[in-house]
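What follows is a single structure, written as structure tokens, with notes after it.
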Amino acid sequence: MQKNHSINLNLTINSGQVFLWDKFGDSWFGIDGQDLLVIREEPFKVIYPSKKITRFFREDDNLERIISEITKDNLVKSAVNQFGGLRLMRQEPFQCYISFICSSNSSIQNIKRMLKNLCKKFGNKIEFDKKEFFTFPIPERLANASNRDLISCGLGFRAKYVKLAAKMVYEDKLNFESLTKNDYKSALEELKLIPGIGNKVADCILLFSLDNLESFPLDRWTQRILLKYYSKIFDVYSEGTLTEKKYYELHEKIVDYFGQYAGYSQQFLFKMERDLNKKSWL
DNA sequence: TCATCACCTGGAGA
DNA sequence: ATCTCCAGGTGAT
């Protein structure tokens with residue numbers, strides 16, 4: 011196993027977790043809720059905010075232990091070796107929630123465009139280094155947004171979902187703090203009550219912002235991975251849409267196999283297979 | 001419980 | 001130029 015466990019920003023940002031990051035010069039600029047994060051890529055250094063952002067990069071995780079727990083086979087082992095600097099991030103929950111609602115049946119570049127438009131229209135302008143950025147909208151702004159304004163951001167059929175989802179948070183009918191404390195299954199079910207959120211999106215929200223490391227989002231790519239490398243172990247025979255029951259059963263088997271940190275294994279395998287297929291991240 | 005299908009939108013390929 | 005297909009799914013029949 012690779013000894014160097016330092017963060018590789020480029021790998022981490024380009025692994026499908028976040029959408030509002032851009033690189034200018036040798037630094038990355040990212041929006042996380044109401045915060046702007048500025049980080050120099052090489053060598054890794056947090057430029058702003060000056061207080062160390064250990065939470066965002068999950069530096070409180072015991073990575074040694076996690077890596078040793080998820081390396082159940084040679085495939086994970088080689089993915090971990092190849093992408094040693096890849097990390098899961100702990101995003102601001104509301105942004106993550108809206109981002110993945112927007113992600114359904116869309117492409118990464120489209121998702122980025124939608125979210126940027128939302129920030130520009132409903133977020134707050136901030137300046138850094140003579141550059142202009144927009145924070146992510148707070149729940150109230152999106153809950154009160156007109157359908158026309160949301161459509162103008164390019165959300166398409168997702169516009170109504172975003173508005174409703176924001177309303178649920180604004181009215182405190184959905185509370186991220188309590189979701190974080192819930193066990194995996196009840197948190198998943200509660201998220202799925204929101205229109206526009208199914209199993210895959212719920213899993214992304216849980217894994218990327220609500221500290222549920224056993225989440226293992228099953229999308230086209232992860233299904234392809236299971237079919238290609240793990241068909242015997244998990245009894246997968248196609249990569250079509252999973253039924254409710256199959257999704258649940260498959261997740262059970264995955265956690266049995268990869269363990270409580272299955273989400274980390276997913277991230278390494280996902281990144282590996284996407285790169286193998288030369289998919290770009292923009 | 002399960003299989004089909006429509007869905008906003010922009011970019012890539014025919 | 002114009003069209004078709006598809007992209008990290010979901011909800012309604």
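Just so it is clear: in the first sequence, position 230 is 240 by the numbering used here, and no numbers are missing.
For glycine and all other residues, C-beta sits at the position ideal for the given N, C-alpha and C.
Because the structure is a prediction, the values reported are computed rather than measured.
The beta carbons of Y257 and N192 sit about 18 Å from each other, so the pair does not count as a contact at 8 Å. For D32, the secondary structure class from DSSP, reduced to helix, strand or coil, is strand.
Residue range A169 to Y180 is occupied by the alpha helix (DSSP H) that includes Y180, with no beta strand (DSSP E) assigned at that position.
Burial state of G133 is buried, judged by a 10 Å Cβ sphere holding 16 or more other Cβ atoms. Note on geometry: alpha-carbon atoms of Q44 and K242 lie some 45 Å from one another. In the DSSP assignment, G40 is bridged to W31 and L47.
Around the C-beta of R65, fewer than 16 other C-beta atoms lie within 10 Å, and the residue is accordingly described as exposed.
Per the Cβ contact rule, the segment 232 to 251 is not in contact with the segment 139 to 153 (fewer than 3 Cβ pairs under 8 Å). DSSP places Y240 in the coil class of the three-state scheme, outside both helix and strand. For E69, the secondary structure class from DSSP, reduced to helix, strand or coil, is coil.
Between I111 and the set G166, T232 and F280, the nearest pair of CA atoms involves G166.
In the assembly as shown, L286 is an exposed residue. Its beta-carbon has fewer than 16 other beta-carbons within 10 Å. The three-state secondary structure of V56, taken from DSSP, is strand.
Going by C-alpha positions, S188 is about 31 Å away from L21. In the DSSP assignment, E137 forms a beta bridge with E142. Boundaries for P147: no alpha helix (DSSP H) harbours it, and the DSSP string shows neither H nor E there. Counting other Cβ atoms within 10 Å of its Cβ, D36 stays below 16 and is therefore classed as exposed. Rounded to the nearest whole angstrom, the C-alpha separation of N120 and E102 is 21 Å. Relative to A153, the option among S162, K173 and F39 whose CA is nearest is K173. Distance from the CA of K126 to the CA of K135, rounded to the nearest whole angstrom, comes to 12 Å. A straight line joining the alpha-carbon of C106 with that of E181 spans about 18 Å.
Counting only residues of its own chain and dropping the five nearest sequence neighbours on each side, L260 has a CB closer than 8 Å to the CB of L228, L236, F244, V246 and L252.
Excluding its 5 nearest sequence neighbours in each direction, Y58 has C-beta neighbours in its own chain below 6 Å: V48, listed in chain order. Per DSSP, Q101 is not a residue of any alpha helix (DSSP H), being assigned neither H nor E. The Cβ atoms of K82 and F268 sit closer than 9 Å to each other. Within the model, the alpha-carbon separation for D71 versus A89 is close to 19 Å.
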